[in-house]
């Protein structure tokens with residue numbers, strides 16, 4: 001969780017035409033992949049760093065190219081509690097993904113070795129994607145990491 | 161010619177600078193700026209907001225430059241998959257090396273200024289190009 005309320009955020013304020021739907025869906029997918037926090041409809045946030053700012057800037061340009069409006073801002077919450085709410089919303093979304101990954105890794109333990117190894121490779125890629133949007137290091141990451149490690153050990157045992 | 165891009169070169173900008181040096185301009189000079197408004201009048205901006213040589217749709221800047229300058233070398237397009245995944249990680253391409261490339265470039269930018277990052281990554285991209293050229297020729301990973 002955020003340790004201090006003075007953290008800075010980069011915000012994207014945007015509005016994109018409903019039709020055509022292709023650019024709108026593309027933008028929505030990219031924001032989802034980044035794991036942005038939603039402040040209100042059309043206002044999303046990421047913890048401020050050069051990389052996150054750049055990623056939102058490219059999306060802003062995509063919105064503009066699609067005939068919408070977009071602007072990028074750097075902001076600070078005036079209270080710790082509203083910042084916590086935003087961080088919690090983002091963390092909860094990532095936690096759900098980690099839990100699903102943990103379950104999938106445990107379920108895969110019973111698979112025959114070749115399938116188990118393929119599933120392990122897929123789940124490792126999935127874990128990497130989730131980590132990319134885990135901005136607050138949620139606790140569920142540990143269980144997912146442990147479940148993947150167990151599955152990895154099992155796969156190595158077979159390989160020996 | 162002068163080329164301008166924003167400060168803090170990661171994988172896409174470093175790869176673009178390499179591409180410019182190897183395929184577009186024998187003697188390029190790179191200028192690094194913080195704001196698009198600071199781009200010198202005689203410089204061609206790339207990988208910055210609101211300029212032509214930037215991300216477009218799902219393309220990263222490296223891919224945009226290949227398109228704009230009609231660079232149709234299949235090895236460059238093969239490298240583009242790697243740069244795209246290292247920069248965007250959107251699973252458009254299957255490029256498992258991409259994550260490593262991204263980490264290397266990010267680490268470099270933590271310890272070196274932009275000129276140094278470009279100087280170090282140039283031979284790295286030369287090597288990647290040669291590796292992928294041989295891989296395409298052989299139809300498998302070269303030994």
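Chains as they are written, first to last, in the numbering used here: chain A, 1 to 160; chain B, 161 to 303.
The beta carbon of each residue, even a glycine, is placed where N, CA and C say it ideally should be.
Since this is a predicted model, take the numbers as computed values, not measurements.
| Query | Result |
| --- | --- |
| Does the beta-carbon distance from residue 100 (chain A) to residue 147 (chain A) come in below 7 Å? | no |
| For residue 198 (chain B), does the three-state DSSP call read helix, strand or coil? | helix |
| Have a look at A:79, A:21, A:156 and A:57 and flag the residue whose alpha-carbon is nearest the alpha-carbon of residue 34 (chain A). | A:57 |
| If you pair each beta-carbon of the stretch 227-243 of chain B with each one of the stretch 136-151 of chain A, do three or more pairs fall below 8 Å? | no |
| Would you identify the three-state DSSP class for residue 280 (chain B), choosing helix, strand or coil? | helix |
| Determine the chain B residues that contact residue 156 (chain A) at a beta-carbon separation under 9 Å, and present them in chain order. | Within 9 Å Cβ-Cβ: nothing; residue 156 (chain A) doesn't reach chain B, min ~19 Å. |
| Identify every residue that forms a DSSP beta bridge with residue 11 (chain A). | A:45 and A:73 |
| Which residues, in order along the stretch 259-280 of chain B, keep a beta-carbon less than 7 Å from a beta-carbon of chain A? | 259 |
| Does the beta carbon of residue 73 (chain A) come closer than 7 Å to any beta carbon on chain B? | no |
| Is it the case that the stretch 261-269 of chain B contacts the stretch 162-170 of chain B, given that we only count it when at least three CB pairs across the two stretches are under 8 Å? | yes |
| Quick one: what's got a C-beta closer than 7 Å to residue 68 (chain A)'s C-beta in the same chain, skipping five residues either side? | 14, 15, 16 and 17 |
| So, using beta-carbon positions, are residue 44 (chain A) and residue 31 (chain A) closer together than 7 Å? | yes |
| With contact counted as at least three CB pairs below 8 Å, one residue from each stretch, are the stretch 186-195 of chain B and the stretch 220-233 of chain B in contact? | no |
| If you draw a straight line from the alpha carbon of residue 11 (chain A) to that of residue 74 (chain A), how long is it in whole angstroms? | 6 Å |
| Using a Cβ cut-off of 7 Å (strictly closer), state whether residue 85 (chain A) contacts chain B. | no |
| For residue 215 (chain B), write down the residues that DSSP places opposite it in a beta bridge. | BP columns for residue 215 (chain B) are empty, so no partner. |
| Quick one, are the C-beta atoms of residue 116 (chain A) and residue 108 (chain A) less than 7 Å apart? | yes |
| Taking the beta strand (DSSP E) that residue 166 (chain B) belongs to, which residues open and close that run? | 162-166 |
| Express the C-alpha separation of residue 51 (chain A) and residue 251 (chain B) in angstroms, rounding to a whole number. | 19 Å |
| So that I know if they touch, is there some Cβ in chain A lying closer than 7 Å to that of residue 244 (chain B)? | no |
| Going along the chain, which unbroken runs of the beta strand (DSSP E) with 3 or more residues stay wholly within the stretch 67-154 of chain A? | 69-76 |
| Would you say residue 97 (chain A) faces chain B, with C-beta separation under 7 Å as the test? | no |
| Check residue 302 (chain B) in the structure and name its three-state DSSP category. | coil |
| Please list, in chain order, the chain B residues whose beta carbon lies closer than 8 Å to that of residue 132 (chain A). | 249 |
| Rounded to a whole number of angstroms, what is the C-alpha to C-alpha distance between residue 212 (chain B) and residue 194 (chain B)? | 17 Å |
| Residues of the stretch 43-54 of chain A with a CB closer than 7 Å to any CB of chain B: list them in chain order, please. | 50 |
| Where does the unbroken alpha helix (DSSP H) through residue 260 (chain B) begin, and where does it stop? | 258-271 |
| If you draw a straight line from the alpha carbon of residue 62 (chain A) to that of residue 28 (chain A), how long is it in whole angstroms? | 11 Å |
| Does any C-beta atom of chain A lie closer than 7 Å to the C-beta of residue 169 (chain B)? | no |
| What span of residues does the alpha helix (DSSP H) with residue 222 (chain B) cover, start to end? | 221-228 |
| Give the secondary structure of residue 203 (chain B) by DSSP, where H, G and I count as helix, E and B as strand, and everything else as coil. | strand |
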